[in-house]
Amino acid sequence: MGYQRETIQTAIQRFHRRYGNRTNCSAEILVDIIGNTQQENAQPTDDHNDTENSHNETNDLSTGDQLVAENRRLRRQRLCRVCQDKDANIAMLPCGHLLCCSDCAPAMRKCPACKAIVKGTVRTFLV
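The opening position of the sequence shown corresponds to residue 243 in my numbering, with each subsequent residue numbered one higher.
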């Protein structure tokens, strides 16, 4: 993500105009200047509104699809690796892998991921 180079350069110029060559300043001042610069740069001209709106709608659809795919992937990651039915909520010790549900974990003598001998388990709660 991050900021565009133009935005940062404009913010630096504004900072120097306002505060001179001061080297110690708070992060809040810099964030405010960058935020104001971004807001000014975000206001499109009337010439580009139509093309930008249609382009943004296309990007929104692809972004929505990406979010749905990422959500599915993250839900699959949370599933128990043994039964593939319940959410994994038991962390294996000493490795710390979170791979099994509370029903399957007692049967595990070795971690399904790294094959380390399980010396203990900890029940976890994901909020």
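We put the CB at the ideal spot given by N, CA and C, even for glycine.
Shown here, V310 sits in a helix according to DSSP, grouped into three states. A distance below 6 Å between beta-carbons, with the five flanking residues on each side excluded, links C337 to the following residues of its chain, in chain order: C353, C356, A358.
R315 carries a helical assignment under DSSP once its states are collapsed to helix, strand and coil. When the five nearest sequence neighbours on each side are left out, the beta carbons in the same chain lying within less than 6 Å of the beta carbon of T279 are those of T249, T252, A253, in order along the chain. Fully contained in the stretch 324–365 are the following beta strand (DSSP E) runs of length 3 or more, in chain order: 332–335, 340–342, 362–365.
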